[in-house]
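Comments concern the structure below.
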Amino acid sequence: ALLERKGERSAFLVTKGFKDLLRIGNQSRPKLFDLNIVRPDVLYDDVVEVDERVTIEDYQQDPWREQSVSKTLAALDTDPHLVRGRSNEIVRILKTPDIEAVRADLQSLFDNGYRSLAVCFAHSYTYSDHELLVEKLAREVGFPQISLSSQLLPMIKMTSRGASSTADAYLTPVIRRYVEGFRKGFSDGLMSDKTRCEFMQSDGGLADFEKFTGLKAILSGTAGGVVGHARTSYDPNHPKPVIGFDMGGTSTDVSRYDGKFDHTFENTTAGITVMAPQLDINTIAAGGGSILFWRHGLFVVGPDSAGAHPGPACYRKGGPLTVTDANLFLGRLLPDHFPKIFGPNENEALDVEVVKERFEALSRQINEETGQHKTAKQIALGFIQVANESMAKPIRALTEARGFDTSAHNLACFGGAGGQHACAIASSLGIQTVIIHRYSSILSAYGMALADIVHESQEPSSCILNEAGLESCRARIAFLKKKVTTELMAGNVPADRVSFEVYLNLRYQGTDNLLMILEPSHGDFVKEFIAQHRREFSFDFPEREILCEDVRVRGIGHSLNVPPETPQQEMLSLKLSDEILLPDDEAIAYFADGGEWKTPVYFLRNLKPSQVVKGPSILLDSTQTLVVEPGAQATILSKHVVLDVPRTGKKGDATPDAIDPIRLSIFGHRFMSIAEQMGRTFQKTSVSTNIKERLDFSCALFSPEGRLVANAPHVPVHLGSMEYAVRFQRDQYASQLKPGDVICSNHPLAGGTHLPDITIITPIWNAEQTEIIFYVASRGHHAEIGGTQPGSMPSDSKLLYEEGAMTMGFKIVSNGIFDEDRVHKFLCEEPAGFPKCSATRTYNDNVSDLQAAISANQKAAQLIDVLVQEYSLPVVHRYMNAINKTAETAVRQYLMEVAKTRPKLGFTDYMDDGTPIVLAIEIDPATGSASFDFTGTGKETFNCLNAPPAIAHSAIIYTLRCLIGVDIPLNQGCLAPISVKIPEGTLLNPSGYAAVCAGNPITSQRITDVCLGAFRACAASQGCCNIISFGMGGRDEHGVDKPGFGVGETICGGSGAGPGWHGTSGVHIHMTNTRITDCEVYELRYPVILRQFSIREGSGGRGRWRGGDGVVREPEFRMPLSVSMLSERRVFRPYGLDGGESGQAGLNQYVKKEADGKERVINIGGKMELDVQPGERILIHTPGGGGWGTTSATVLDKVMANGSTQKSFEPRGSLVDWNHEAASAS
């Protein structure tokens, strides 16, 4: 129902000012390079705003928090508007609902046919009275389904909780009808004492059919598979952790089990982010039905899937070549042993001939384009190898990113397609044992029969985990245990069969990295938290308090005595047979080792425990095909097949004189994996909010010449720009670098973007320590590096030194020794030496983050060493150069296509101060080479909007990647066909004196608008990111540093329309993709009330295709603060194209309270520094996107989708969420 959007018609009730809460979401776009931004629609059909409001009285960033809390507690007994919430936080009631107005709204919804409601009010996780009042009124009106966010899972984050309530209201009525229909098929209606009926939930537990709800059903099928492999592969007496590998037709699910189930609490499925406990299952778009592409010289598998209809080519329905076809063609699937259910009438066998014809045609095309002589079977095997690498990559991330050794696991393989890939996946990961259950192809169903009945209960908390806090937690734990026991006993589970898992959701004060800690056997939550924090993040904060956010009790009803089914004990006690086995059949199968092999085929039903089957061989039963590759062997057990996989040796170079496109595709994955794992290490070992939580950083790999090889696409404005920093330092230190040296740099003239982005560059040496074989670099945004204002992003800066610490480059590490004296001089002494400037205000965090970047680079060195040992350095370098050529080829092909009709392109746009950005592009139609000439761009400005040249290069790479429309390697090859001319002393190539802090986040957007406008790709998007900062403290006029805080955020707007699509409302665009802070978190941390966050209706440009609308965001300040507003597109509107109208310009308004009590609404322009008083507000109206086409033109019936018409699979899981978060940084 969720995937196909076939749920119940429902309405959503939400706090006034937040009617568009779920439409805006976290404001980030799901796919970084899609110009046509497609976000799933909301699940409700109508929304009602309820005029009610509460907020948290104190704020976490208060420098005098203890005194403030004491005052609040004293006022609790005298102020009727203050109450204590469920989390122990003090809540201020600002506005209670008008009962009659709410009743009238509910009656109107009921009269219009609505029967299902979702309700989400601000801070209801801790103060639920207003939601409970609405529930009472809705029951009186007659609503049968009411989903309250506060009762489903009382955790902070209004957006996620609201989405959860709408998902429950959407799905639960459908499930109820299904269950009722199911019950009617039984004579007792499933109500007798002798009948049990339970459903699997997403958290891996069973629930009685009467308590089964939509929110807990979303991933119930895949959860069954995790329970299945956990119960049949992991033996607590031989506690080797297990990686679950479930490969199906469309996707592959990856999970890990080490004796306990890992849960996540915020998960995105079918575009809806819900807050509910789910097993940590990571789904990637590589399955049997994944489509095979030959694209830009690379083998590509997925993410598009052929689905069930038309299905793979062999299904006889005109489908494309897929992974299943490759396995069939290589003899790893045997058509004689498949039922005849294919073809239009579903009565024919698998079609081997059409698969053969397709692969032979593809091999001719590939050989013609590459000059090689690969057979069709080598081509098919190449696609299998690329698919295996794409599946191995997330498994490495799932283990190594969490501090586990991948090879120290067993692999539990299941799913319909898993058996054909098990040996190769295990070998790639260094895993030697693969466990396959006899029912592996239906293990998800079998796992449901092995699951326990589970009931969970959770409450918010807000306490320090000291003795007093622990005492409070223990009282809550006892209450929750009693609660879940009552629920389980009501489901006929005896009390003596109930056990508990107790969790505390903990974090260090001042961080957002929560860890859900299971009560350890020794009972010490603090000790366990510190140990897990060290393993996850490699450090701890001994000087910081540990905070408890939630108390969770999971009650487990062990109602069935299920005997253990794990294979370890049987393997130890079994005497293996050495008898020669007679095969049941024989096939010709193709393998990497030796090509075609005569391969014996064995029916599993005829094999007996203790028998050993050596590879190559194929094992069959009625539901699965298991391939035992050469060198491996399969041991037959009573309920399992256990594969013993040998370790792989060094891989030779089969084509020393040519580039093998198969290996090139694999190297593309490996190089990108190094950059991504650098990023994970950087995030884990950093301490600042900006890097650890907001993930505002990038990591990249470079050639010995300093050319970009792989850049994980985390922050668009960093794409390609680090190359200029690496090349500058390579030239500067050419003969002075030695093993153990690391360089630090951030100056715009040294390849930087703006000063807060500090780049750490590490040369990687060969084994003999005589030659640099790679460079790696990590760039992180430090939220504070000194200067005139807290946050080091002053909106009124005119000179570079006002923006903080700066360096052309120095050795931060020499011969392995960290030079803290030089770092202190860089961050403290040097910036404080300038007029009205101070040293960094967060020196310790700065040092920790610099060391984290060094650690990330060291992780890359280790991974490069593994790659070199596996393939040899000459091979790695050959493919490093070749992968750059692949990106170059893609760009040249695109530009040659453009040049057929428009070899000369140009565009001009203007900053709000009138400074033009001028671009002329000239393309050589014969070669695809192009010049991007910014001559005519205005002079550098006496403000902070100047942008160093590296930013223009990043905007060009971003633009080309968007226009090409498919994944290509993001490396130096993207710019190889491009020559860029930017005159010195201009806005885009300023002098070393110019202020540049806003050039990175804001001017970069306008450069992108100009590039896209030249190609006439789409109308202008909002062209800004609307930066608002506020805080207190810092150096006063007497030079005294005062305690305080600072915070900044960027705000979304409308995206531009294009030829065939409408723009999207309330979304970040182009060079920025930052997530917005949730309303409840915002008010918990800072002294503000967010009065409104809604879509600015009608602000998008009109046209045949409408521009997306901007938003209105309205913070109210609760104490005197300094506020900074930095924005563009307040004068020049976002342009429309092809007759479309421009979007509305933005507008910033200050609602000022005068001494006589009156309010003034003042237009403060695009840039302003303010000192606000309590009760004053800022209204930020962000720009809309431009329209496309004239309104008089006939509108097409359907908006065109951007990209393939094939079914595209949407990956999910904690790893995918991490990658999306990394792409959602400013």
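Per the numbering used here, the very first residue in the sequence shown carries number 8; after that it's consecutive. No residue lacks a Cβ here, since even glycine has one placed at the ideal position from N, Cα and C. Source: prediction; values computed, not measured.
As the crow flies, the alpha-carbon of T202 is around 10 Å from that of F193. When DSSP states are grouped into helix, strand and coil, I1187 belongs to the strand group. Membership of H303 in any alpha helix (DSSP H) is not indicated, and neither H nor E is assigned to it by DSSP. Between the region 438 to 450 and the region 472 to 479, the count of Cβ pairs shorter than 8 Å is below three; the stretches do not touch.
For R561, the pairing in a beta bridge is given by DSSP as E463, E508. Under the criterion of beta carbons closer than 8 Å, W1195 and A1027 do not qualify as touching, at roughly 10 Å. For the options S821, R46, T944, the alpha carbon positioned closest to that of T915 is the one of T944. DSSP links P607 through a beta bridge to E593. Taking L405 as reference, the option from V783, R968, S680 with the minimal CA-CA separation is S680.
Shown here for E1090: same chain residues with a beta carbon closer than 7 Å to its own, the five before and five after excluded, namely T62, I63, I1096, L1097 in chain order. In the three-state DSSP reduction, D940 falls in the strand class (E or B).
In terms of CA proximity to T1057, T1189 leads the group T1189, W1112, S936. For R371 and Q385, the gap between their C-alpha atoms comes out near 12 Å. Checking the DSSP bridge columns, you'll see G296 has no partner listed. When DSSP reads this structure, D260 sits in a beta bridge with D253, T290. The C-beta of F189 has fewer than 16 other C-beta atoms within 10 Å across all chains shown, which makes the residue exposed. In terms of Cα proximity to D69, the closest of P1094, G1147, G1193, A959 is P1094. CA-CA distance, L101 to R60, rounds to 5 Å. Taking the Cβ atoms as the reference, G212 lies roughly 32 Å from D547, outside the contact range of under 8 Å. Per DSSP, reduced to three states, the secondary structure at G602 is strand. The shortest CA-to-CA distance from D591 to any of E572, G304, L626 is the one to L626. Counting only the Cα atoms, L650 lies some 14 Å from L611. Residue state for M578 is assigned as helix, using DSSP reduced to three classes. In the same chain as G992, and ignoring 5 residues on each side of it, the C-beta atoms closer than 8 Å to its own belong to K946, E947, S998, in chain order. DSSP, read as helix, strand or coil, puts G454 in helix. Classified as buried, P1122 has 16 or more neighbouring CB atoms from the shown chains inside 10 Å of its CB. The DSSP assignment places 60 to 63 as complete runs of the beta strand (DSSP E) inside the region 55 to 86, in order along the chain (cut-off: 3 residues).
Counting only residues of its own chain and dropping the five nearest sequence neighbours on each side, V181 has a CB closer than 8 Å to the CB of A8, K13, G14, E15, G221. Proximity to Y510 across P527, V898, R72 peaks at P527, based on C-alpha coordinates. Short of 8 Å from the beta carbon of I402, and not among the five residues preceding or following it, lie these beta carbons of its own chain, in chain order: I250, F252, V261, T413, I432, L436. In the DSSP assignment, C420 forms a beta bridge with F252. For Y782, the pairing in a beta bridge is given by DSSP as F709, P770. The region 782 to 794 makes contact with the region 859 to 878, as at least three CB pairs between them are under 8 Å. Residue pairing for C844: DSSP places it in no beta bridge. Only residues of its own chain outside the window of five on either side were considered, and among them Q575 have a CB closer than 7 Å to the CB of H245, listed in chain order. The beta carbon of G1108 is closer than 6 Å to those of G1114, G1143, G1147, E1148, S1149, G1150, G1193, G1194 in its chain, skipping five residues each way along the sequence.
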